[in-house]
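Enquirer: Per the UniProt record's numbering, the very first residue in the sequence shown carries number 1; after that it's consecutive.
We put the beta carbon where it would ideally sit given N, CA and C, even for glycine.
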Amino acid sequence: MGLAYLHEECLEWVLHCDVKPQNILLDEEYRPTLADFGMSKLIERGARGGGFSRCGKCEVSMARGTRGYMTSEWMVNQEITVKADVDSFGMVLRA
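Okay, here's the thing in structure tokens:
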């Protein structure tokens, strides 16, 4: 739910860039909260050239994140989409 909010509902979209177990905090009732937005990228809705377009792509100048939880697009300098955070979350579930 947190990633969906960052990618779709915020006034400005947020690409977290560092989804890993250490950045998922649990409260007393074991509800998760995504933390540590130090590497995140904030993108205006409808921004041209570098912002998320309808296809949800953006340009990021350098790889961000923690090895082992980074999507393969970072490694081969491909265009980054919101799927990067989803891939990282998948790695968390696999760990």
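(1) Please say whether Met39 and Cys10 have beta carbons closer to each other than 8 Å?
(2) In its own chain, which residues sit with a C-beta less than 8 Å from the C-beta of Trp74, not counting the 5 before and 5 after it?
(3) What would DSSP say about Glu8, mapped onto helix, strand or coil?
(4) Please state whether DSSP places Val14 in a helix, a strand or coil.
Expert: The short version:
(1) no
(2) Ala63, Arg64, Gly65, Ile80, Ala84
(3) helix
(4) strand
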